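Notes for the one structure printed next.
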Amino acid sequence: MSFNLRGAIMENISGNSPEEVEATIVDAIQSGEEKMLPGLGVLFEVYWKEASEQDKQEMINQISKGLQ
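Going by the numbering used here, the sequence shown opens with residue 202, and the numbers climb by one from there.
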């Protein structure tokens, strides 16, 4: 049996308002639970697919800066 985690996460968050998306992100980060990481990864993937090249570069720069 195969489980599509990405699909399940997308189904759970589809149609969420910006406030609900923000609450999901904040909760995942504040809780620090490992089980929340796949959801953040899916949200990042959604962002990345919709982002302009400039937005992507800004995100890359921010992440790189945060890793120093």
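A virtual CB, placed ideally from N, CA and C, is assigned to each residue, including glycine.
Since we're looking at a predicted model, the values are computed, not measured.
Item, Value
"Where the alpha helix (DSSP H) containing Leu-268 begins and where it ends", "No alpha helix (DSSP H) holds Leu-268; DSSP gives it neither H nor E."
"Cut-off 8 Å between Cβ atoms - residues of its own chain near Asp-228, not counting five sequence neighbours on either side", "Met-237"
"Three-state class that DSSP yields for Asn-205 in the structure shown", "coil"
"Whole-angstrom distance between Asp-256 and Lys-266, CA atom to CA atom", "15 Å"
"Exposed unless 16 or more other CB atoms sit within 10 angstroms - verdict on Gly-240", "buried"
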